[in-house]
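Report on the structure given below.
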Amino acid sequence: MPFEFDVITLLPDMFDAVTQHGVTGRAHKSNLYRLHTWNPRNYAMNHYRTVDDSPYGGGPGMVMMAEPLDKAITDAKARQGEDGVSKTRVIYLSPQGKRLDHKKVLQISQLDGVVLLCGRYEGIDERLIENQVDEEISIGDYVISGGELAAMVLIDAVVRQLPGALGDTRSAGQDSHTDHLLEYPHYTRPEVYKEKPVPRILLSGDHAKIERWRLQQSIGRTWLKRPDLLAEKYPEGLPDREKELLEEFKQLRYRVVANQLMDNTKEQEQ
Ligand SMILES: C[S@@+](CC[C@H](N)C(=O)[O-])C[C@H]1O[C@@H](n2cnc3c(N)ncnc32)[C@H](O)[C@@H]1O
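The opening position of the sequence shown corresponds to residue 937 in our numbering, with each subsequent residue numbered one higher.
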């Protein structure tokens, strides 16, 4: 059964970006997921199809009215029910929500479907959120102009986890954050680029050594860039093998930095 996304949005065309391009486009074509959009304007109560009004109490901007959204969500939930989604979750993409992370993406990917609510203007009438929304999710601590881009980020991340979405089934499992580790670095042709050669071990054909090197790079760059992830993964400290790999990584790194410093000093002396 395909995963069901139902999106409440004033700008449905924006979602062509996910359904028609790249990995998410191929997955859509293969019917791994379905995406329906619901435009609140089609549920507006007046001839002008108005869906927003000025805020009570004054202040800048407009607020999305509850009723058109309420009706759109109700129809979206009913459609999901008819298509076999046992329990529908309504997610409001909001800067006030819990920050989206890999764990949340995995949780969502294990459901049958979700209804995604995209805000615009200053936001949505609070009563609609209280009545219809199960969860608020943010894509980061900043504000963007509408929930559509945030919904697309969520959809893309969830689709990558659906079985068959990625050509090579190992890819999603090796991505950064899958196991609280960042991914190892990648290289492709040419073998030397701007005087920088590809690490020799990757050309050796020795798969055990390549795997060890990649794990070491994963641990090393997580230590360098996101030490918080390492602490989360190993709250009791690194196991012996990982500790050994990290120590070796640090030694190699100190050597590279020392060599760079020596080169710089030589250049300055010349
Ligand atoms: C201009 S924003 C409104 C922000 C609102 N005035 C506030 O400060 O909380 C319009 C819409 O963009 C979406 N949005 C903005 N930033 C977001 C974020 N970081 N994550 C998810 N959605 C976001 C929400 O759907 C929101 O209703």
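We put the beta carbon where it would ideally sit given N, CA and C, even for glycine.
Being a predicted model, the structure only gives us computed values, none of them experimental.
Check, Outcome
"Taking the continuous beta strand (DSSP E) assigned at Q1206, which residues delimit it?", "Unbroken run through Q1206: none, as it is neither H nor E."
"Is the separation between the beta-carbon of L1166 and that of W1159 shorter than 8 Å?", "yes"
"Are there 16 or more other CB atoms within 10 angstroms of the CB of P1004, so buried, or fewer, so exposed?", "buried"
"Does DSSP put D988 in a helix, in a strand, or in coil?", "strand"
"Under 7 Å: does the beta carbon of L1029 sit that close to some heavy atom of ligand 1?", "yes"
"Hey, W1242 and A953 are a contact pair by Cβ (cut 8 Å); roughly how many whole angstroms apart?", "This structure does not reach residue 1242, given that the chain is present from 937 up to 1206, and the question cannot be answered."
"Leaving out the 5 sequence neighbours to the left and right, which residues in its chain are closer than 8 Å to G961 when beta-carbon positions are compared?", "V954, T955"
"Drop a sphere of 10 angstroms on the beta-carbon of V1079, count the other beta-carbons inside from all chains shown, and report buried for 16 or more, exposed for fewer.", "exposed"
"At the 8 Å Cβ level, is G1059 part of the contact set with chain C, yes or no?", "Any reference to chain C falls outside this structure, which holds one protein chain only."
"Among the residues of its own chain, which have a CB less than 8 Å from the CB of P938, if the five just before and after it don't count?", "N967, L968, Y969, R970"
"Taking all protein chains shown into account, decide if G997 is buried (16 or more other Cβ within 10 angstroms of its Cβ) or exposed.", "exposed"
"Assign P1126 to buried or exposed, taking buried as 16 or more other Cβ atoms, counted over all protein chains shown, within 10 Å of its Cβ.", "exposed"
"From this set, L1188, L946, E1203, which residue's C-alpha is nearest L1052's C-alpha?", "L946"
"Should E1147 be listed as close to ligand 1, given that the test is whether its C-beta is under 7 Å from any heavy atom?", "no"
"Going by DSSP, name the residue or residues bridged to S1140.", "Paired residues: none, contrary to the question."
"If I'm right that L1029 touches I1073 with Cβ under 8 Å, what's the distance once you round it to whole angstroms?", "6 Å"
"Along the chain, where does the beta strand (DSSP E) containing L1117 start, and where does it finish?", "Careful: L1117 lies outside any beta strand (DSSP E) and carries neither H nor E."
"Tell me whether L1085 sits in a helix, a strand or coil according to DSSP, three-state version.", "helix"
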